[in-house]
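Structure first, commentary second.
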Amino acid sequence: MTVATVAIGAYGLRLARTTSDFLVASREVSPAWNAAAIGGEYLSAASFLGVAGLVLKHGVDVLWYPVGFAAGYLALLLFVAAPLRRSGAFTLPDFCQLRLRSTGLRKLATGFVIVIGWLYLVPQLRGAGLTLQTVSGSPYLVGVLLVGIVVTTNVALGGMRAVTFVQAFQYWLKLTALLIPMLFLLLQWQADGRPALAPPAGETFAHETTVTFDQPTRLTLPDGSSEDVPAHTTRVFPAGAPIPKVAGADVDTGLDWLLPGTSGGGNRGLLATYSLILATFLGTMGLPHVLVRFYTNPDGAAARRTTLMVLGLVGLFYLLPALYGVLGRVYTPQLMMSGATDAVVLRLPAAALGTGTIGQLLGALVAAGAFAAFLSSSSGLMTSVAGVLSTDVLGRGSVRDFRVSAIVAGFVPIVLSSRISELDVSQVVGLAFAVAASSFCPLLVLGLWWRGLTAVGAVAGLIAGGGAAVAAVLVTMIGPPLEGWARILINVPAAWTVPLAFAVMVLGSLATRRRVPADVGTTMLRLHAPDALGL
Amino acid sequence: MPPEPPKRVRVVLAEVAGTARSGEPTRVELAEQTGIGEALVKGLVRAQLALALRCAVVVAVGLGSLPLLFAVAPAVAGARPFGVVLPWLLLGLAAYPFLFLVGWAYVHLAERTERDFTDLVERH
Numbered sequence: 000m001t002v003a004t005v006a007i008g009a010y011g012l013r014l015a016r017t018t019s020d021f022l023v024a025s026r027e028v029s030p031a032w033n034a035a036a037i038g039g040e041y042l043s044a045a046s047f048l049g050v051a052g053l054v055l056k057h058g059v060d061v062l063w064y065p066v067g068f069a070a071g072y073l074a075l076l077l078f079v080a081a082p083l084r085r086s087g088a089f090t091l092p093d094f095c096q097l098r099l100r101s102t103g104l105r106k107l108a109t110g111f112v113i114v115i116g117w118l119y120l121v122p123q124l125r126g127a128g129l130t131l132q133t134v135s136g137s138p139y140l141v142g143v144l145l146v147g148i149v150v151t152t153n154v155a156l157g158g159m160r161a162v163t164f165v166q167a168f169q170y171w172l173k174l175t176a177l178l179i180p181m182l183f184l185l186l187q188w189q190a191d192g193r194p195a196l197a198p199p200a201g202e203t204f205a206h207e208t209t210v211t212f213d214q215p216t217r218l219t220l221p222d223g224s225s226e227d228v229p230a231h232t233t234r235v236f237p238a239g240a241p242i243p244k245v246a247g248a249d250v251d252t253g254l255d256w257l258l259p260g261t262s263g264g265g266n267r268g269l270l271a272t273y274s275l276i277l278a279t280f281l282g283t284m285g286l287p288h289v290l291v292r293f294y295t296n297p298d299g300a301a302a303r304r305t306t307l308m309v310l311g312l313v314g315l316f317y318l319l320p321a322l323y324g325v326l327g328r329v330y331t332p333q334l335m336m337s338g339a340t341d342a343v344v345l346r347l348p349a350a351a352l353g354t355g356t357i358g359q360l361l362g363a364l365v366a367a368g369a370f371a372a373f374l375s376s377s378s379g380l381m382t383s384v385a386g387v388l389s390t391d392v393l394g395r396g397s398v399r400d401f402r403v404s405a406i407v408a409g410f411v412p413i414v415l416s417s418r419i420s421e422l423d424v425s426q427v428v429g430l431a432f433a434v435a436a437s438s439f440c441p442l443l444v445l446g447l448w449w450r451g452l453t454a455v456g457a458v459a460g461l462i463a464g465g466g467a468a469v470a471a472v473l474v475t476m477i478g479p480p481l482e483g484w485a486r487i488l489i490n491v492p493a494a495w496t497v498p499l500a501f502a503v504m505v506l507g508s509l510a511t512r513r514r515v516p517a518d519v520g521t522t523m524l525r526l527h528a529p530d531a532l533g534l
Numbered sequence: 000m001p002p003e004p005p006k007r008v009r010v011v012l013a014e015v016a017g018t019a020r021s022g023e024p025t026r027v028e029l030a031e032q033t034g035i036g037e038a039l040v041k042g043l044v045r046a047q048l049a050l051a052l053r054c055a056v057v058v059a060v061g062l063g064s065l066p067l068l069f070a071v072a073p074a075v076a077g078a079r080p081f082g083v084v085l086p087w088l089l090l091g092l093a094a095y096p097f098l099f100l101v102g103w104a105y106v107h108l109a110e111r112t113e114r115d116f117t118d119l120v121e122r123h
């Protein structure tokens, strides 16, 4: 299985290299290819592994993650796609300069591109470590280092350019890698007599299951009795035995899993849900590697049609991960006990279909999809981060600057992801979305639609909203554990940081009304005049 | 892919004003940002923004009201049409075609607004 995975991965890399040599010059591609390419780059380890893991753990409440990830493209379509393409800006810092003629703002935007890129890279590398750990049994750190170094080297040598056709291929690979095993899994579930997903009497083991406990823990059975288990114990649970609750594992069971949470406990109360929706809905437009791709559309109308297709493709993909999480309740209950639910997509084929040829092959296919997920996303992200680092921070955009920047761009997330191992993949991605929604979303929406925006107002809004979101992320990642309201406001901060960013940006611009760029009328005409007029 | 895609030029104000053919006064007014031209552009921007906001409201009501609905009416959250619990059906399945439909309607309407604007400019 490992060999098959590595072989597919190596083939993918070789394909990437040869195709990029061929096609790097072609800029105008059809919306269908372009949309698949954007989808290919967007569907990361968080989508491929993280969503299923969260669904396995927390059930219906976390379905808002994939819905939000897809809905983000609707927001992008409604408010950003066409005018941003017409602006001619390639990156967000470019947009700042084009629209507001401010180099200070450009520098600040560069800083946010780097922070968001790094935040988004961490879960990709975490997914890599986890996948290698699951597939080959190597320690977590080995996968992080291996993939981190491979991607960094590739980006530094210019080997894996974010080329449309390769990325489009990645989308279809990821979709296939989840779709085909799922068909087999559903047939198996049917053949097993459709075991209940959330039985009223409490979850039971469907098959005889072996669980190894690395650390001493306490198991609580549904009848209330509990038992202490010493470290390094292996237990075999017979089929039909109730699944005990493991102390410290934050996993929902029964109706808590099946029905929307109303208790407000943990990160899943009403406020937390709305905060998450806001972050994902408005954050997508601020992701650096997504925006760069819009430049390959020939005009504003094509950008719109491309975005609509991305929405369709991404929505199609997101039908699948949730199903993995659901079937994981039946076939991989041991993950509910260990809490390492991000591995459910990788473990499910072998667990449900047995370790015969079919189970092995489908397992390898899923693992290949996971590799495609974090290779394509992290390459795209690292290229974006290295790009702005080399033009705006470390040098003047020469090839040598770019190589140095790529190494810096890769080093920081490698260190971060080797240290943070207990946060869920999707949760960290949620934080990256919150920062994007509190910084670039107001900048883009106001910049594209409101004449009154000034550079001073934009800088103030970025510092207030984006700064607050970054601070909240830092507290979540390295700060002390929080309780109650403070925990929700810090762990899912978008509910207050996004309105803050908008308010400060508008008020700051109104206060400096005389500094509205003189050519704002021409800019607005260029952003919004129909392409057919050729203005 | 066409063998030779048209080369894109960055349009600047003077060139546009200079190359606009006579008999297209509205075009010139747009490019030169006269009072009428600016009012036209403002109207277009306002129309497109209003359309985008309307679509956003449709999503905010259609999807955004669900957490609140589930919280205030647990009976709705527990309903089981087709044997599947309603929130799973809505969030796991129905949300995606809904988002796509809203997006499709927006693209359709936004392109119509642009066609109307183009007609208006070219007729005068």
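Heads up: the protein sequence lines correspond to chains A and V, in order.
Numbering that gives the first Met the number 0 applies: residue 0 is where the first sequence begins, and numbers increase by one.
Numbering that gives the first Met the number 0 applies: residue 0 is where the second sequence begins, and numbers increase by one.
Glycine included, C-beta positions come from ideal geometry on N, C-alpha and C.
Compare the C-beta of residue 272 of chain A with all C-beta atoms of chain V and state if any pair is closer than 7 angstroms.
yes
Runs of 4 residues minimum, wholly inside the segment 376 to 454 of chain A: which ones carry the alpha helix (DSSP H) assignment?
398 to 418 and 424 to 448
Does the distance from the C-beta atom of residue 472 of chain A to that of residue 38 of chain A stay below 7 angstroms?
no
Excluding sequence positions up to five away, which residues of its chain have a Cβ less than 6 angstroms from the Cβ of residue 52 of chain A?
340, 341 and 343
Counting only beta-carbon atoms, is residue 108 of chain V nearer than 7 angstroms to chain A?
no
Assuming contact is defined by CB atoms lying nearer than 7 angstroms, are residue 376 of chain A and residue 123 of chain A in contact in what I supplied?
yes
Helix, strand or coil at residue 235 of chain A [DSSP, three-state]:
strand
For the beta strand (DSSP E) containing residue 225 of chain A, list its first residue and its last residue.
225 to 228
Going by CA-CA distance only, name the one from A/141, A/115 and A/501 that's closest to residue 126 of chain A.
A/141
Does residue 86 of chain V get closer than 7 angstroms to chain A when you measure Cβ to Cβ?
yes
Tell me where the alpha helix (DSSP H) around residue 346 of chain A begins and ends.
343 to 352
Under the three-state DSSP convention, the category residue 73 of chain V falls into:
helix
Mind the definition here: the segment 294 to 311 of chain A touches the segment 102 to 119 of chain V only if three or more C-beta pairs lie below 8 angstroms; say whether that holds.
yes
Keeping to the same chain, check which residues put their C-beta closer than 8 angstroms to that of residue 429 of chain A; ignore five residues upstream and five downstream.
64, 275, 278, 279 and 491
Three Cβ pairs or more, each shorter than 8 angstroms: is that satisfied between the segment 440 to 449 of chain A and the segment 76 to 96 of chain A?
yes
Quick check: the segment 461 to 468 of chain A against the segment 145 to 158 of chain A, are at least 3 beta-carbon pairs closer than 8 angstroms?
no
Check whether chain B comes within 7 angstroms of residue 307 of chain A, counting only Cβ atoms and requiring the distance to be less than that.
Absent here is chain B; the protein component of the structure consists of chains A and V.
Would residue 272 of chain A be called buried (16 or more neighbouring beta carbons within 10 Å of its own) or exposed?
buried
Determine contact between the segment 39 to 48 of chain A and the segment 372 to 387 of chain A, defined as no fewer than three beta-carbon pairs at a distance below 8 angstroms.
yes
Output yes if chain A places a C-beta closer than 7 angstroms to the C-beta of residue 70 of chain V; else output no.
yes
Would you say residue 49 of chain V and residue 78 of chain A are within 7 angstroms of each other, going by their C-beta atoms?
no
Give me the Cα-Cα distance between residue 525 of chain A and residue 177 of chain A, rounded to the nearest whole angstrom.
42 angstroms
Expressed to the nearest angstrom, what Euclidean distance is found between the alpha-carbon atoms of residue 101 of chain A and residue 164 of chain A?
35 angstroms
Within 7 angstroms (strictly less), CB to CB, does residue 527 of chain A reach chain V?
yes
Can you tell me whether residue 297 of chain A is helix, strand or coil according to DSSP?
coil
DSSP has residue 53 of chain V in a bridge; who is on the other side?
In the DSSP output, where bridge partners are listed per residue, residue 53 of chain V has none listed.
Counterpart residues of residue 245 of chain A in DSSP-defined beta bridges:
A/218
Applying the 10 Å Cβ sphere with the 16-neighbour rule, what's the burial state of residue 21 of chain V?
Low confidence applies here, because residue 21 of chain V scores a pLDDT of 42, under 50, leaving its location unreliable; read the following figure in that light. The residue is exposed, with fewer than 16 neighbouring Cβ atoms inside 10 Å.
Buried versus exposed call for residue 60 of chain A [16 or more other C-beta atoms within 10 Å across all chains shown]:
buried
Starting from residue 204 of chain A and walking both ways along the alpha helix (DSSP H), at which residues does that stretch end?
Here residue 204 of chain A belongs to no alpha helix (DSSP H), and DSSP marks it neither H nor E.
Where residue 210 of chain A sits in the DSSP three-state scheme
strand
C-alpha gap between residue 530 of chain A and residue 355 of chain A, whole angstroms
57 angstroms
Along the chain, which unbroken stretches of the beta strand (DSSP E) at least 3 residues long are found entirely within the segment 447 to 525 of chain A?
none
Nearest-angstrom Cα separation, counted from residue 120 of chain V out to residue 36 of chain V
10 angstroms
Within 10 angstroms of the Cβ of residue 536 of chain A, are there 16 or more other Cβ atoms? Answer buried if so, exposed if not.
Here chain A covers residues 0 to 534 and nothing more, so residue 536 of chain A does not appear.
Compute the distance between the beta-carbons of residue 315 of chain A and residue 330 of chain A, then report whether it is under 7 angstroms.
no
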